[in-house]
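Notes to accompany the following structure.
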Amino acid sequence: MDYLIAIVFFAISSSVTPGPNNITVMASGVNFGIRKSMPLFLGICVGFAVMLLLVGIGFGQIFDKIPALHIFIKFIGTLYLLYLAFLIATADEITMSNTPAKPLTFMKGALFQWLNAKAWVVATGAIAAFTTVGVDFYTQNIIIALTFLVISFPCVGIWLFFGSTLKKRLKSKQHRKVFNYSMGGLLVISVIPVIIELSVQFI
Numbered sequence: 001m002d003y004l005i006a007i008v009f010f011a012i013s014s015s016v017t018p019g020p021n022n023i024t025v026m027a028s029g030v031n032f033g034i035r036k037s038m039p040l041f042l043g044i045c046v047g048f049a050v051m052l053l054l055v056g057i058g059f060g061q062i063f064d065k066i067p068a069l070h071i072f073i074k075f076i077g078t079l080y081l082l083y084l085a086f087l088i089a090t091a092d093e094i095t096m097s098n099t100p101a102k103p104l105t106f107m108k109g110a111l112f113q114w115l116n117a118k119a120w121v122v123a124t125g126a127i128a129a130f131t132t133v134g135v136d137f138y139t140q141n142i143i144i145a146l147t148f149l150v151i152s153f154p155c156v157g158i159w160l161f162f163g164s165t166l167k168k169r170l171k172s173k174q175h176r177k178v179f180n181y182s183m184g185g186l187l188v189i190s191v192i193p194v195i196i197e198l199s200v201q202f203i
């Protein structure tokens with residue numbers, strides 16, 4: 001029981017705190033509302049649970065054998081997050097143009113986890129902290145993934161609900177623009193540690 005409680009607390013603390021997932025889903029809630037943001041929301045929750053399972057069964061070991069692959073994924077992930085920050089910051093401008101803005105899909109939300117630096121840190125940290133080598137390893141891995149799946153719905157959902165609530169308050173174009181720029185800026189800030197890490201490796 002203590003083991004499960006520890007996983008639950010870890011899942012709550014890592015899922016509800018600010019990060020690329022929550023910033024993105026809140027911005028989607030503001031710009032598109034809860035219903036249109038549900039595919040993204042579900043993709044994030046399910047995608048991270050699947051990522052945990054794959055990391056647990058040894059996918060993460062590939063990066064130990066091929067470090068360059070990990071660096072490449074971090075680089076691509078950083079570029080994608082910066083692009084996502086741009087889309088969020090200019091969401092209102094895109095909506096006003098001839099090209100209508102669209103919320104991210106389920107698949108994009110799920111695949112986004114593999115490019116999300118925080119998701120990698122949480123996934124590898126959870127597997128390292130809450131599994132033991134032996135016959136119970138895969139059972140523990142499944143327990144961790146299922147726990148995160150269940151916990152992520154309310155934790156990430158809070159951000160989506162908050163974004164949807166803000167949508168009703170941010171009625172003016174100017175207020176919406178300020179919010180979108182702020183969320184885009186926060187997403188850029190969340191990527192800065194990864195950029196520094198990559199720059200150190202290449203210098």
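For the sequence shown, full-length UniProt numbering begins at 1 and goes up steadily by one. Even glycine gets a Cβ: it sits at the ideal position worked out from N, Cα and C. Since the model is a prediction, treat every value here as computed from it, not as a measurement.
Check: Quick one: is residue 160 buried, meaning 16 or more other Cβ sit within 10 Å of its Cβ, or exposed?
Finding: When all chains shown are included, residue 160 counts as buried.
Note to self: According to DSSP, is residue 149 part of a helix, a strand, or is it coil?
What the structure shows: Correct three-state label for residue 149: helix.
Item checked: residue 102, buried or exposed, once every other Cβ within 10 Å from all chains shown has been counted against 16 -> exposed
Notebook entry, point to check: Considering only C-alpha positions, which residue in the set 49, 163, 183, 89 is nearest to residue 120?
Noted result: 49
Check: Would residue 117 pass as a contact of residue 157 if the rule is Cβ separation under 8 Å?
Finding: no
Check: Considering only the beta carbon of each residue, do residue 40 and residue 134 sit closer than 8 Å?
Finding: Not closer than 8 Å, so no.
Margin query: Can you tell me where the alpha helix (DSSP H) holding residue 2 begins and where it ends?
Written below: 2 to 16
Notebook entry, point to check: Starting from residue 20 and walking both ways along the alpha helix (DSSP H), at which residues does that stretch end?
Noted result: 20 to 54
Margin query: Beta-carbon within less than 7 Å of residue 11's beta-carbon, same chain only, minus the 5 sequence neighbours each way: which residues are those?
Written below: Cβ within range, chain order: 147, 148, 151.
Item checked: residue 38 versus residue 165: straight-line alpha-carbon distance, rounded -> 15 Å
Check: Among residues of its own chain, excluding the 5 on either side of residue 93, which ones have a beta-carbon nearer than 6 Å to its beta-carbon?
Finding: Confidence at residue 93 is low in this model, with a pLDDT of 48, below 50, so the placement of that residue should be treated as unreliable; the coordinate-derived value is given next. Excluding positions up to five away in sequence, the list is empty.
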